[in-house]
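The sequence shown: position 317 = 359 (my numbering), numbered continuously.
Scroll down for the structure; my scribbles are underneath it.
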Amino acid sequence: MKLKFGTVEENVVTREEFPLEKAKETLKDEVIAVLGYGVQGPGQALNLKDNGFNVIVGQRKNSKTWDKAVEDGWVPGETLFELDEAAQRGTILQYLLSDAGQIALWPTVKKHLTPGKALYFSHGFGVTYKDKTGIVPPSDVDVILVAPKGSGTSLRRMFVEGRGLNSSYAIYQDATGKAKDRVVALGIGVGSGYLFETDFYREVTSDLTGERGTLMGAIQGIFAAQYEVLRANGHTPSEAFNETVEELTQSLMPLVAENGMDWMYANCSTTAQRGALDWWKPFRDATKPVFEELYSSVKEGKEAVKSIDSNSKDDYRAKLEGELQELRESEMWQAGAVVRKLRPENN
């Protein structure tokens, strides 16, 4: 259906328009092979299975993720296979390995993309940057995308709670004439609350910008800046953390999610309202040049090159752990660990 977002009309698919029963009927003859059981794989695979679809998982043996799949109920030789065998068995291949993993496994997957199959992504990276990744799908398969707007953990948690995470969907190649029905059915099957239309390029450029921006990179930077200013001016770690992170995540952001920023402003003290209204534009003006620089780096492919180069190195995991340890052991997040333990629901 067409819905207006502000003044712009967009294509949106809802569960009412495309119910689960219709999705199951659409994919009744398909074998959905979820390749990769890391970030998105568990949530999407389990949701599909619980929704009644024919799902198998492909993962490397003798790995932590293989063991996790077994713990989650996937049975070796029945619903859990090596990646090569799963790709051969599947009619829809959900390519959910990391971007670096997709590049490495592409020759194996490509040989199993026989005519009429569908190649499914949850990120437009591999195909959009095909000159750098080498991922060029055959012309006789559907190439589709469903990108949940959140982590695989959130997708699964919200599904179990009876809720849905909104997702984007895209069609890169419709070889069978069934790509639209296939992608929408899969979007409903993995637990999307609704689906909004995009394309592979727009998905990857917005996603890379968001991850480096307000979703992760910018928010950590803002947290750190405010926390450090408060601590430098004599505030205790608990006070600095509560005023920087805890109140935002536990009290205010849920209100924004439910009703919007304007509603949240209207339901705060007049002192808070005045300060927020006075200061949001200076923060916008200060950070907008950084976002423009970030988007330019994404658009020019620089971020893709950085990601491919770093993620493909043998010591990537070790270096990543070192960078994560720096975050984890910072005073702000050490304070956060104590604050989380003190929440009433944890006692």
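C-beta: ideal position from N, C-alpha, C; glycine also.
All values derive from a computational prediction rather than experimental measurement.
*Reference V99, options G233, D249, L138 and P149, closest by Cα*: Working through the sequence shown from its first residue, we reach residue 99 at position 57. Looking at the Cα atoms, L138 is the closest of the given residues.
*Endpoints, the alpha helix (DSSP H) within which N208 is located*: For the purposes of this step, residue 208 is identified with residue 166 of the sequence shown, where counting begins at 1. Element bounds for N208: not the alpha helix (DSSP H) but the beta strand (DSSP E), L207 to Q215.
*Buried or exposed: which applies to Y358, given that a residue is buried once 16 or more other Cβ atoms fall within 10 Å of its Cβ?*
Looking up residue 358 in the sequence shown gives position 316. Exposed, since its Cβ has fewer than 16 Cβ neighbours within 10 Å.
*Give every residue of the same chain whose Cβ lies closer than 6 Å to the Cβ of D182, excluding the five residues on either side of it in the sequence, and list them in chain order.*
Along the sequence shown, one-based indexing puts residue 182 at 140. The residues are P157 and A217.
*Note down the Cα distance separating E72 from W116, rounded to an integer number of angstroms.*
As a working mapping, residue 72 is identified with position 30 in the sequence shown. As a working mapping, residue 116 is identified with position 74 in the sequence shown. So the two alpha carbons sit approximately 18 Å from each other.
_Outcome for F163 when other beta-carbon atoms lying within 10 angstroms are tallied against a minimum of 16_ = Here residue 163 is taken as the residue at index 121 of the sequence shown, counted from 1. Buried, since its Cβ has 16 or more Cβ neighbours within 10 Å.
*Round the Cβ separation of D184 and K220 to the nearest angstrom and send it over; I've been treating them as touching at under 8 Å.*
Your numbering for residue 184 matches position 142 in the sequence shown. Your numbering for residue 220 matches position 178 in the sequence shown. Sure, about 7 Å apart at Cβ, within 8 Å.
*Pairwise C-alpha distance: V232 and A128*: The residue labelled residue 128 in the question sits at position 86 within the sequence shown. The residue labelled residue 232 in the question sits at position 190 within the sequence shown. If I take the Cα positions, the gap works out to 19 Å.
*Taking T247 as the reference, give the member of L207, T170, P331 and F265 with the closest Cα.*
The residue you call residue 247 lines up with position 205 of the sequence shown. Residue T170 is the option with its Cα nearest to T247.
*Starting from Q136 and walking both ways along the alpha helix (DSSP H), at which residues does that stretch end?*
Walking along the sequence shown from the start, residue 136 turns up at place 94. Premise fails: Q136 lies in the beta strand (DSSP E), I134 to Y137, not in any alpha helix (DSSP H).
*N301 lies in the alpha helix (DSSP H); which residues open and close that run?*
As a position in the sequence shown, residue 301 is number 259, starting the count at 1. From DSSP, the alpha helix (DSSP H) with N301 extends over M295 to N301.
*Opposing strand residues paired with K344 [DSSP bridges]*: Counted from its first residue, the sequence shown places residue 344 at position 302. DSSP lists no partner for K344.
*Tell me the DSSP bridge mates of N53?*
The residue given as residue 53 occupies position 11 in the sequence shown. In the DSSP output, where bridge partners are listed per residue, N53 has K44.
*Is it buried or exposed for D249, if we count other Cβ within 10 angstroms and need 16 for buried?*
In the sequence shown, residue 249 corresponds to position 207, counting from 1. D249 comes out buried.
*What did DSSP end up calling S234 once you bin it into helix, strand or coil?*
Locating residue 234 in the sequence shown gives position 192, counting from the first residue. Residue state, collapsed to three classes: strand.
_Cutoff 8 Å; reference F283; Cβ partners in own chain excluding five residues on either side_ = As a position in the sequence shown, residue 283 is number 241, starting the count at 1. So the qualifying residues of the chain are Y269, M374, A377, G378 and V381.
*N208 to T286 span [Cα, whole Å]*: Taking the first residue of the sequence shown as position 1, residue 208 is located at position 166. Taking the first residue of the sequence shown as position 1, residue 286 is located at position 244. Going by the C-alpha atoms only, they are around 28 Å apart.
_Exposed unless 16 or more other CB atoms sit within 10 angstroms - verdict on Q101_ = As a first step, residue 101 is located in the sequence shown; it is residue number 59 there, counting from the start. Residue environment for Q101: buried (at least 16 other C-beta atoms within 10 angstroms of its C-beta).
*Proximity to T68 [Cα-Cα], best of R326, A299, I230 and S339*: To locate residue 68, count along the sequence shown from 1; it is residue 26. The shortest Cα separation from T68 among R326, A299, I230 and S339 belongs to I230.
*How long is the line joining the alpha carbons of G303 and C310, rounded to whole angstroms?*
Here residue 303 refers to the residue found at position 261 of the sequence shown. Here residue 310 refers to the residue found at position 268 of the sequence shown. The residue you asked about is not Gly; residue 303 is Met in the sequence shown. Inter-residue distance for M303 and C310 is about 11 Å (C-alpha atoms, whole angstroms).
*Run through DSSP, which three-state label would L122 get?*
Position 80 of the sequence shown holds residue 122. L122: strand per DSSP, three-state reduction.
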